[in-house]
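Participant:
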Amino acid sequence: MSAGVVVGRSPGVKFKRARGLAGDLTGIALTRGFFNHSVEALRCDSCGTVVIPGRSTSGL
Numbered sequence: 482m483s484a485g486v487v488v489g490r491s492p493g494v495k496f497k498r499a500r501g502l503a504g505d506l507t508g509i510a511l512t513r514g515f516f517n518h519s520v521e522a523l524r525c526d527s528c529g530t531v532v533i534p535g536r537s538t539s540g541l
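In terms of my numbering, the sequence shown opens at residue 482 and continues consecutively.
Next up, the structure:
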């Protein structure tokens with residue numbers, strides 16, 4: 482796995498279960514930032530799969 486970042490622009494990169502009319506205005510935010518958004522990620526060198534590790538919501 483190679484470490485890197487996923488980048489995007491406002492309103493950021495989101496995860497959605499399906500496409501919809503709201504586009505990228507709704508969904509779970511994967512990136513942080515104001516104008517240029519980014520999140521740390523890992524990419525498999527052999528198959529190209531990109532993994533974005535989750536953020537803890539437990540406060541630990």
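Idealized CB from N, CA, C, for every residue including glycine.
DSSP state of residue 506, grouped into three classes?
Facilitator: helix
Participant: With a threshold of 16 other CB atoms inside 10 Å of the CB of residue 493, please say whether the residue is buried or exposed.
Facilitator: Per the 10 Å Cβ criterion, buried.
Participant: Is the CB-CB distance between residue 532 and residue 486 below 8 Å?
Facilitator: no
Participant: If I measure Cβ to Cβ from residue 526 and keep anything under 8 Å in the same chain, skipping five residues before and after, which residues do I get?
Facilitator: 482 and 483
Participant: Assign residue 497 to one of three DSSP states: helix, strand, or coil.
Facilitator: coil
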